[in-house]
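Notes follow once the structure below has been shown.
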Amino acid sequence: MSAFILIVGVAIGVYFFVYNTFVRGARCRSKVKLHGKTVIITGSNTGIGKTTAVDLAKRGARVILACRDQRRAEAALRDITAVGKITQKDLCCLVIIRPCGELNLLCCPDRQESGSSEVVYMQLDLGSLESVRSFAENFLKSERRLDLLINNAGIFKQGRTKDGLGMMLGVNHIGHFLLTNLLLDRLKQCRPSRVINVSSAAHNFGSIDFDVLSAHKALGVGTSHLDVFRVYSDSKLCNVLFTHELAKRLEGTNVTCYSLHPGAINSELSRYTNPFLKVLFMPITLLFFKDTKTGAQTTLHCALQEHLEPLSGRYFSNCAVKKVSAKARDDAAARKLWEVSERLCGLS
Ligand SMILES: NC(=O)c1ccc[n+]([C@@H]2O[C@H](COP(=O)([O-])OP(=O)(O)OC[C@H]3O[C@@H](n4cnc5c(N)ncnc54)[C@H](OP(=O)(O)O)[C@@H]3O)[C@@H](O)[C@H]2O)c1
């Protein structure tokens, strides 16, 4: 019996050591406050996007939840604004901006003289170029500032977007590419400002076959588990190359950009995968994946850390800059991807 207790004790000890050393990772140490600043976070109704929204709202930012599903976004809006540390003093009003541009006030506690912040939902479906354009139009009409654009939304699923693009190409890359371009002038007006692209370490497994891309408007067409992972990895490589090229184009503007790997996180990203596989991997996910709070730390680091400007275009992991492989800093591929992306979203 005592041997059994000893083994269990050692196992628990080893688990906590492994978790704290290798899984939990670094924390964003910035104490920066964001009163008067406006932030857009795509896909912020759940996962690390939602946790990022909570953190930035607590710092006083006006946070735009750019989400596709109204019901899920409104539920998130309620959660985010109900977080204990966002006091009524910090909270000014909750506004819903419908796709048509109509404004709906959810509630409006007394406006206090200091520390007020706002959390706003604006409908955005990155799988529809029309939705991206109308989001940008509504945003530019109704908001004066844009200090941080956090391209966080992501999907792990094959299929086609409303415009006939491969789903992961369309949502993970092209939608964000178009959104960023449509908002660049506002970011420049509000400089110093930042664009943060949430990529993944999976980009290391990615490649971009430009022939497949132009023939199928997709990064790949297979639907096996391996194909889905491969295409997801390709789309995450697009995020890194997009950031690389964007930084060059923004040189001298005081708008900077960063891509990042948030870690392996226990989120809803795998919601479309085979339920059997999900159950099979559940113990690993529960024990060795980050929760969304620790998963949001590198995004927060890239958004908030001071003196990061000289590192524009670089890739971060665990709250630190990380060298990427040659294919993820390939100038020619990044330029070509930019040109193809412009064509696919109608910017050229
Ligand atoms: N989880 C991980 O282990 C991991 C690892 C590396 C990188 N990442 C990256 O981290 C980012 C956040 O992922 P997560 O783990 O927090 O996943 P998540 O919990 O599934 O959140 C993804 C978010 O993206 C939104 N989204 C999906 N399709 C969209 C569309 N067409 N238009 C607008 N929003 C859309 C989702 O909205 P709905 O709820 O309406 O679907 C959701 O809010 C992603 O870019 C992902 O690739 C995650």
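When we follow the working numbering, the leftmost residue of the sequence shown carries the number 250, and every step to the right adds one.
Note that the Cβ used here is the ideal one computed from N, Cα and C, for glycine as well.
Note that this is a predicted model, so its numbers are computed, not measured.
Quiz item: Apart from the five residues just before and just after Val477, which ones in its own chain have a Cβ nearer than 6 Å to its Cβ?
Solution: Stepping through the sequence shown from its first residue, residue 477 is reached at position 228. Hits under 6 Å: Gln407.
Quiz item: Thinking C-alpha only, which one of Asp304, Ala315 and His493 is nearest Thr330?
Solution: Working through the sequence shown from its first residue, we reach residue 330 at position 81. Ranking Asp304, Ala315 and His493 by Cα distance to Thr330 puts Asp304 first.
Self-check item: C-alpha distance - Phe538 paired with Phe266, whole-angstrom precision
Solution: Position 289 of the sequence shown, counted from the start, is the residue given in the question as residue 538. Position 17 of the sequence shown, counted from the start, is the residue given in the question as residue 266. Cα to Cα, Phe538 sits roughly 14 Å from Phe266.
Quiz item: How close, in whole Å, do the beta carbons of Leu418 and Ser484 come, if the pair is a contact with beta carbons under 8 Å?
Solution: The residue given as residue 418 occupies position 169 in the sequence shown. The residue given as residue 484 occupies position 235 in the sequence shown. Their Cβ separation, rounded to whole angstroms, is 6 Å, which keeps Leu418 and Ser484 in contact under 8 Å.
Quiz item: If you count every other CB in all the chains shown that lies within 10 Å of the CB of His284, and 16 or more means buried, which is it?
Solution: Position 35 of the sequence shown, counted from the first residue, corresponds to residue 284. Exposed, because fewer than 16 other Cβ atoms sit within 10 Å of the Cβ of His284.
Quiz item: Looking only at DSSP bridge pairs, what is Ala569 linked to?
Solution: As a first step, residue 569 must be located in the sequence shown, where it is residue number 320. DSSP lists Ser566 as partners of Ala569.
Quiz item: Cβ of Val272 within 7 Å of any heavy atom in ligand 1?
Solution: Locating residue 272 in the sequence shown gives position 23, counting from the first residue. Val272 Cβ: outside cutoff for every heavy atom of ligand 1.
Self-check item: Any 3 or more C-beta pairs closer than 8 Å across the stretch 501-519 and the stretch 445-455
Solution: yes
Quiz item: In whole angstroms, what is the alpha-carbon distance linking Val381 and Leu596?
Solution: Position 132 of the sequence shown, counted from the first residue, corresponds to residue 381. Position 347 of the sequence shown, counted from the first residue, corresponds to residue 596. Using only the alpha carbons, I get a separation of about 13 Å.
Quiz prompt | Proximity to Asp579 [Cα-Cα], best of Lys411, Glu323, Glu591 and Arg563 | solution = To locate residue 579, count along the sequence shown from 1; it is residue 330. With distances taken between Cα atoms, Asp579 lies closest to Arg563.
Quiz item: Got a sec: does ligand 1 put a non-hydrogen atom nearer than 7 Å to the Cβ of Asn294?
Solution: Working through the sequence shown from its first residue, we reach residue 294 at position 45. Answer for Asn294: yes, Cβ within range of ligand 1.
Quiz item: Nearest to Cys618 by CA position, among Leu553, Pro559 and Ile533, is which residue?
Solution: In this structure the chain extends from 250 to 597, so residue 618 is not present and cannot be described.
Practice problem: Work out the CA separation of Glu379 and Ile335 for me, nearest whole Å. | Solution: To locate residue 335, count along the sequence shown from 1; it is residue 86. To locate residue 379, count along the sequence shown from 1; it is residue 130. At Ile335, the pLDDT of 45 sits below 50, so the modelled position is not reliable and the matter cannot be decided from this model.
Quiz prompt | Bridge-paired residues (DSSP) for Cys506 | solution = Here residue 506 refers to the residue found at position 257 when the sequence shown is read from its first residue. BP columns for Cys506 point to Val444.
Exercise. Check the DSSP bridge columns for Ile289 and list the partner residues they point to.
Key: As a working mapping, residue 289 is identified with position 40 in the sequence shown. According to DSSP, Ile289 bridges with Ile313 and Leu398.
Exercise. Note down the Cα distance separating Gly258 from Ser391, rounded to an integer number of angstroms.
Key: Within the sequence shown, numbered from 1, the residue matching residue 258 stands at position 9. Within the sequence shown, numbered from 1, the residue matching residue 391 stands at position 142. Straight-line Cα distance between these residues: approximately 57 Å.
Quiz item: Looking only at its own chain, which residues have a Cβ that is under 6 Å from the Cβ of Ala545, when we skip the five neighbours before and after it?
Solution: Counted from its first residue, the sequence shown places residue 545 at position 296. For Ala545, where only same-chain residues beyond five positions count, the Cβ hits under 6 Å are Ile297, Thr300 and Thr301.
Self-check item: CB contact flag (Arg435, Leu395, <8 Å)
Solution: Walking along the sequence shown from the start, residue 435 turns up at place 186. Walking along the sequence shown from the start, residue 395 turns up at place 146. Yes.
Exercise. Report whether the distance from the Cβ of Ser516 to the nearest heavy atom of ligand 1 is below 7 Å.
Key: By 1-based counting over the sequence shown, the position of residue 516 is 267. Yes, Cβ of Ser516 sits closer than 7 Å to a heavy atom of ligand 1.
Practice problem: Return the CA-CA distance between Thr472 and Lys286, expressed in angstroms with no decimal places. | Solution: Reading the sequence shown from its first residue, position 223 is the one you call residue 472. Reading the sequence shown from its first residue, position 37 is the one you call residue 286. Looking at the two C-alpha atoms, the distance is approximately 42 Å.
Quiz prompt | Neighbourhood of Val573 by C-beta, 7 Å cutoff - its chain only, sequence neighbours within 5 removed | solution = Start at 1 with the first residue of the sequence shown, and residue 573 comes out as number 324. Result list for Val573: Val489 and Tyr564, in chain order.
Quiz item: Going by beta carbon distance, what residues of the same chain come within less than 6 Å of Leu495, once the five residues before and after it are set aside?
Solution: Locating residue 495 in the sequence shown gives position 246, counting from the first residue. Cβ neighbours of Leu495 beyond the five flanking positions: Cys506.
Quiz prompt | Among Val369, Arg273 and His550, the one whose alpha carbon lies nearest that of Gln319 | solution = Taking the first residue of the sequence shown as position 1, residue 319 is located at position 70. Ranking Val369, Arg273 and His550 by Cα distance to Gln319 puts Val369 first.
Quiz item: So, helix, strand or coil for Arg409, using DSSP?
Solution: Here the question's residue 409 lines up with position 160 in the sequence shown. Three-state DSSP puts Arg409 in a strand.
Exercise. Consider the C-beta atom of Asn430 and the heavy atoms of ligand 1; say whether any pair is separated by less than 7 Å.
Key: Reading the sequence shown from its first residue, position 181 is the one you call residue 430. Asn430 Cβ: outside cutoff for every heavy atom of ligand 1.
Self-check item: Distance between Thr502 and Lys527 (C-alpha atoms, nearest Å)
Solution: Taking the first residue of the sequence shown as position 1, residue 527 is located at position 278. Taking the first residue of the sequence shown as position 1, residue 502 is located at position 253. Rounded to the nearest angstrom, the two C-alpha atoms are 45 Å apart.
Exercise. Taking 8 Å as the cut-off, decide whether the C-beta atoms of Gly413 and Gly376 are in contact.
Key: As a working mapping, residue 413 is identified with position 164 in the sequence shown. As a working mapping, residue 376 is identified with position 127 in the sequence shown. Contact flag unset, no.
Quiz item: Based on Cα-Cα distance, which residue from Asn387, Thr522 and Glu555 lies nearest to Ile404?
Solution: Locating residue 404 in the sequence shown gives position 155, counting from the first residue. Nearest option by C-alpha distance: Thr522.
Quiz prompt | Backbone CA spacing between Val461 and Val470 [nearest angstrom] | solution = Looking up residue 461 in the sequence shown gives position 212. Looking up residue 470 in the sequence shown gives position 221. Distance between the alpha carbons of Val461 and Val470: 9 Å.
Self-check item: Sequence-distant residues of its chain with Cβ nearer than 6 Å to Thr415 (five each side left out)
Solution: If you number the sequence shown from 1, residue 415 lands on position 166. Here the sequence assigns Gly to residue 415, which means Thr is not the residue at that position. The residues are Ala467 and Leu468.
Exercise. For Cys551, verify whether its CB is less than 7 Å away from any heavy atom of ligand 3.
Key: By its list of ligands, the structure shown excludes ligand 3, since it contains just ligand 1.
Quiz item: Should Arg321 be listed as close to ligand 1, given that the test is whether its C-beta is under 7 Å from any heavy atom?
Solution: For the purposes of this step, residue 321 is taken as the residue at position 72 of the sequence shown. Result yes, Cβ under 7 Å from ligand 1.
Quiz item: Cβ of Val420 versus every heavy atom of ligand 1: is any distance shorter than 7 Å?
Solution: If you number the sequence shown from 1, residue 420 lands on position 171. For ligand 1, at least one heavy atom lies less than 7 Å from the Cβ of Val420.
Quiz item: Among the residues of its own chain, which have a CB less than 6 Å from the CB of Leu431, if the five just before and after it don't count?
Solution: Position 182 of the sequence shown, counted from the start, is the residue given in the question as residue 431. Within the same chain, Leu431 has close Cβ partners Ala385.
Quiz prompt | Span separating the alpha-carbon of Lys282 from that of Phe253 | solution = In the sequence shown, the residue the question calls residue 282 occupies position 33. In the sequence shown, the residue the question calls residue 253 occupies position 4. Taking the straight line from one Cα to the other gives about 50 Å.
Self-check item: Ile514, DSSP secondary structure in three states
Solution: The count along the sequence shown starts at 1 and reaches residue 514 at position 265. Strand.
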